[in-house]
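Novice: Below is a structure I'd like to ask you about.
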Amino acid sequence: VTKPIFLLTDFGLEDTYVGQMKAVLVTRAPLSPQIDLTHSIPPQDVRGGARAIDDTLAHLPRSAVILAVVDPGVGTDRRPLIVTVGDLAGVGPDNGVLTPLLRLPGARAHAIDPQRAGAAALSSTFHGRDLFAPAAAGLATGSSPAELGEPVDDPVVLPPEPGPRRTSTGWTGRVVSVDRFGNLITNLRRDHLSDLPRNAAVELPTADSVPLVRTYGEAAAGELIALVGSGGFVEVACNGGSAAEITGLGVGDAIELRL
Amino acid sequence: VTKPIFLLTDFGLEDTYVGQMKAVLVTRAPLSPQIDLTHSIPPQDVRGGARAIDDTLAHLPRSAVILAVVDPGVGTDRRPLIVTVGDLAGVGPDNGVLTPLLRLPGARAHAIDPQRAGAAALSSTFHGRDLFAPAAAGLATGSSPAELGEPVDDPVVLPPEPGPRRTSTGWTGRVVSVDRFGNLITNLRRDHLSDLPRNAAVELPTADSVPLVRTYGEAAAGELIALVGSGGFVEVACNGGSAAEITGLGVGDAIELRL
Amino acid sequence: VTKPIFLLTDFGLEDTYVGQMKAVLVTRAPLSPQIDLTHSIPPQDVRGGARAIDDTLAHLPRSAVILAVVDPGVGTDRRPLIVTVGDLAGVGPDNGVLTPLLRLPGARAHAIDPQRAGAAALSSTFHGRDLFAPAAAGLATGSSPAELGEPVDDPVVLPPEPGPRRTSTGWTGRVVSVDRFGNLITNLRRDHLSDLPRNAAVELPTADSVPLVRTYGEAAAGELIALVGSGGFVEVACNGGSAAEITGLGVGDAIELRL
């Protein structure tokens, strides 16, 4: 049994850090496909790392290992963690980055024992390479979490992000991320739209009122629209352009859903 | 039989969109190598996506799947397409991005049937993940196009890009792309150079006259040169520097080949 | 026997150059994992390419192929090279990029014969695709260097980089690279710290004196620190921020280790 390993870090691709981790992985789990979720998490943005796992969780194979390294506390006494849910495992620092796995029913956590995980010389600055990659390779090639560490019952779980607020006219959410296309992705979910009147619209802090449509192509070129994106969240987009550029809005700005 | 899958998108690597597609691919075609052609096509640049396929087509294995997602019309009634030429298959929206495959002799097109391709819940904004990846995985693991859809005889083919114009003194082309090295890649091809006199040169709109050489290293450091690049097109380069920066030229600028 | 192939280039990921090389590799070595070390070496920075190999060498499997293409002299008479050390092989131009392999005990060099390596039509601008990838695939699938070329005894080896200088108060090094986190990585090594008094510190040209600690998390948020990083070199970092941004320092700047 060889599980695919999904990599998620804040290392970027400029340096060789990801390459060094992959070298360790292919040495210890030579048959495991290595798949990049992303390495563009903003440096040390643990919440951003958790959100990226959330985005992809529904699409992973049932049997897989997620290696998630966003690790501002590397070398301190924060624990190294394995989270397992059935045949799915997550490996990373115990700082909340694995929260989406820990919230799944039946999730169990283990603190990695460096020696049992086969970590060699442990640097104090790069556990991704020296500790988490060996543990991930072990899990991918058939080791159980109990072979690699000891159960813990108090892993760090991030508090839920503040959700949209109910207002007299609808819901007020905020922009949570901006993607490469300049789409403004909010924390308003599909179910905030239920019982939606036909003339429902999204209001931007710029006072623009934006029609809710089903897909990008329903708007004229250059027109601002809102729709439910592929992750199930309302986003503001622009057909053929960047909504972020056109509106000047970004992460944290309020978006009003007017029912 | 498991074919490698070559990925080409305008998603960039900042977000998890590519990771989500790859998760679907490895779930359904676990033994297929996944190889990135590029994810840096400018957003919604269908022509740029087609050009990238053109660049790489000659170097692909004979048996392979190209998954090409540059899809401004996602969720509208543009058809999802499979193009096959022998053991080579392309999967993507029917908007012209697969033009280089459609121009090959013997190319056949099918419109993908989401149900037969095994698409689960189909979002209206991310067919790359929900529809094209399942179809590509199907083709990579032995499904025939006829199992995944119905033949169509009118797939969208982009018109040829405007080529160089013959002038009294030679050919006038234009810059088509600029690569990471700052090389100005034109639409002038090797055959525009035939019967080339010994003193042939390339003239830039900046009035610089640039010698035609065989390879980058033939020029002094900092010198502008022109040569036939690895794709068979004339490019203007600078030994040890960026021709784009030095000349201030970019995509669309005219380049004169003086015979 | 199929060895993994580690790729290192200055091609970036914007263009399809890396994709074209990988297409050749998967055609000729379909079972070899392809692993990116990095493609972000600054254009034509041969020394930077060698340094990236140095960073990763200790973490590679014992049996592997490194395909290293930083090749300003492509198409000139610089030789194409294979370097082997046991089951580890490097392939690239004979310009010093393979220096870290050539410095290993028992290293042997061969000049690649294009015909024997199975290079097809050889462009004069892209030997990464046309010559080095076929040679790397050959080595990955069991060919010996002697089958692909002729021994040479004078491969190009870069001179060692200038090391730190001993001063009356300690050592003066310099910043060699800056990573994505803004850490200033120097050429001061762990052994320059031996016999370190308890109050040792690192002095920046900005006159800041920075405490030496063991790991990033030992500093208060926003505080500048120095520590031995994962490659064994002293680096200046900032907990939760970018040392490069805060200090305004970059590659080449002097860093003083005061014992």
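Chains as they are written, first to last, in the numbering used here: chain A, 1 to 259; chain B, 260 to 518; chain C, 519 to 777.
Glycine included, every Cβ here is placed at the ideal spot set by N, Cα and C.
Name, please, each residue of chain C whose Cβ falls closer than 9 Å to the Cβ of A:Leu-104.
Specialist: Within 9 Å Cβ-Cβ: nothing; A:Leu-104 doesn't reach chain C, min ~28 Å.
Novice: If you measure between the beta carbons of C:Val-752 and C:Val-693, is that distance less than 8 Å?
Specialist: no
Novice: Leaving out the 5 sequence neighbours to the left and right, which residues in its chain are closer than 8 Å to B:Asp-467 when beta-carbon positions are compared?
Specialist: Leu-483, Thr-506
Novice: For the putative contact between C:Val-720 and C:Val-696, defined by C-beta atoms under 8 Å, what is the C-beta separation to the nearest angstrom?
Specialist: Not confirmed; about 16 Å, so no contact.
Novice: Any beta carbon from chain C within less than 8 Å of B:Pro-404's own beta carbon?
Specialist: no
Novice: Please report the residue range of the beta strand (DSSP E) in which B:Ile-484 lies.
Specialist: 483-487
Novice: Throw me the rounded Cβ distance for the C:Asp-648 and C:Leu-640 pair, which I believe falls under 8 Å.
Specialist: Taking C-beta atoms under 8 Å as the contact rule, C:Asp-648 and C:Leu-640 qualify, at a distance of about 5 Å.
Novice: Is the shortest distance between the beta-carbon of C:Val-592 and the beta-carbons of chain B less than 8 Å?
Specialist: yes
Novice: So which residues on chain B does C:Asp-533 lean against when the C-beta distance must stay under 7 Å?
Specialist: Thr-297, Asp-438, Arg-439
Novice: So what does DSSP say about A:Pro-211, is it helix, strand or coil?
Specialist: Looking at A:Pro-211 - three-state DSSP - the assignment turns out to be strand.
Novice: Between C:Thr-643 and chain B, is any beta-carbon pair separated by less than 8 Å?
Specialist: Under the Cβ distance rule, C:Thr-643 counts among the residues neighbouring chain B, one pair being separated by less than 8 Å.
Novice: In whole angstroms, give me the CA-to-CA distance for A:Ala-220 and A:Arg-62.
Specialist: Straight-line Cα distance between these residues: approximately 40 Å.
Novice: Within 8 Å (strictly less), CB to CB, does C:Lys-521 reach chain B?
Specialist: no
Novice: Quick one: Cα of B:Pro-289 to Cα of B:Leu-267, how far?
Specialist: 19 Å
Novice: Once you ignore the five residues that flank C:Cys-756 on each side, which residues in its own chain have a CB closer than 6 Å to its CB?
Specialist: Leu-742, Ile-764
Novice: Please tell me whether B:Val-277 and B:His-298 are closer than 8 Å, where the distance is taken between their beta carbons.
Specialist: yes
Novice: Check the Cβ of B:Val-285 against every Cβ in chain A and list those closer than 7 Å, keeping chain order.
Specialist: Pro-4, Pro-33, Ile-35, Pro-61
Novice: Taking C:Thr-602 as the query, report the chain A residues whose CB atoms sit under 7 Å from its CB, ordered along the chain.
Specialist: Chain A residues near C:Thr-602: none, gap ~18 Å exceeds 7 Å.
Novice: What is the C-beta distance between B:Asp-413 and C:Thr-534, in whole angstroms, given that I count them as a contact (C-beta under 8 Å)?
Specialist: Their Cβ separation, rounded to whole angstroms, is 29 Å, which puts B:Asp-413 and C:Thr-534 out of contact at 8 Å.
Novice: In the DSSP output, which residue or residues are listed as bridge partners for B:Gln-293?
Specialist: B:Ile-264
Novice: Just to confirm the assignment: which complete beta strand (DSSP E) runs, minimum length 3, are found wholly within the region 644-683 of chain C?
Specialist: 667-670
Novice: Which same chain residues end up closer than 7 Å to A:Ala-254 when comparing Cβ atoms and leaving out the 5 residues on each side of it in sequence?
Specialist: Thr-172, Arg-174, Pro-205
Novice: In the DSSP assignment, the beta strand (DSSP E) including A:Arg-190 goes from what residue to what residue?
Specialist: It is not in any beta strand (DSSP E) - A:Arg-190 carries neither H nor E in the DSSP assignment.
Novice: If we define contact as Cβ-Cβ less than 8 Å, is C:Ala-744 a contact residue for chain A?
Specialist: Chain A places no beta carbon closer than 8 Å to that of C:Ala-744, leaving this residue out of the contacts.
Novice: Name, in chain order, the residues that DSSP records as bridge partners for B:Gly-500.
Specialist: Bridge partners of B:Gly-500: B:Cys-497.
Novice: At the level of alpha carbons, what is the spacing between C:Gly-566 and C:Ile-584?
Specialist: 15 Å
Novice: Taking the alpha-carbon positions, what's the C:Ala-586 to A:Leu-257 distance?
Specialist: C:Ala-586 and A:Leu-257 have their C-alpha atoms roughly 53 Å apart.
Novice: Under a CB-based cut-off of 8 Å, is B:Asp-314 close to chain C?
Specialist: yes
Novice: A:Thr-186: buried (16+ other C-beta within 10 angstroms of its C-beta) or exposed?
Specialist: buried
Novice: Measure the CB-CB distance between B:His-451 and B:Pro-404 and report whether it falls below 8 Å.
Specialist: The Cβ atoms of B:His-451 and B:Pro-404 do not sit closer than 8 Å to each other.
Novice: Compare the Cα-Cα distances from C:Arg-674 to each of C:Arg-597, C:Leu-622, C:Val-544, C:Leu-531 and report the closest residue.
Specialist: Correcting the residue type first, residue 674 of chain C is Val in the shown sequence and not Arg. Per the Cα distances, C:Arg-597.
Novice: Which residues in chain C sit within 8 Å of B:Ser-453, going by Cβ to Cβ distance?
Specialist: The contacting residues do not exist; B:Ser-453 stays about 17 Å from chain C at best.
Novice: For the alpha helix (DSSP H) that A:Leu-101 lies in, which residues bound it at each end?
Specialist: 99-102
Novice: Run the CB neighbour count on C:Gly-624, radius 10 Å, all protein chains shown included, and call it buried at 16 or more, exposed below.
Specialist: exposed
Novice: Which residue from C:Gly-667, C:Ile-559, C:Val-588, C:Thr-520 puts its Cα closest to that of C:Gln-552?
Specialist: C:Thr-520
Novice: Select from B:Ile-312, B:Val-333, B:Ala-379, B:Ala-378 the residue whose C-alpha is nearest the C-alpha of B:Leu-347.
Specialist: B:Ile-312
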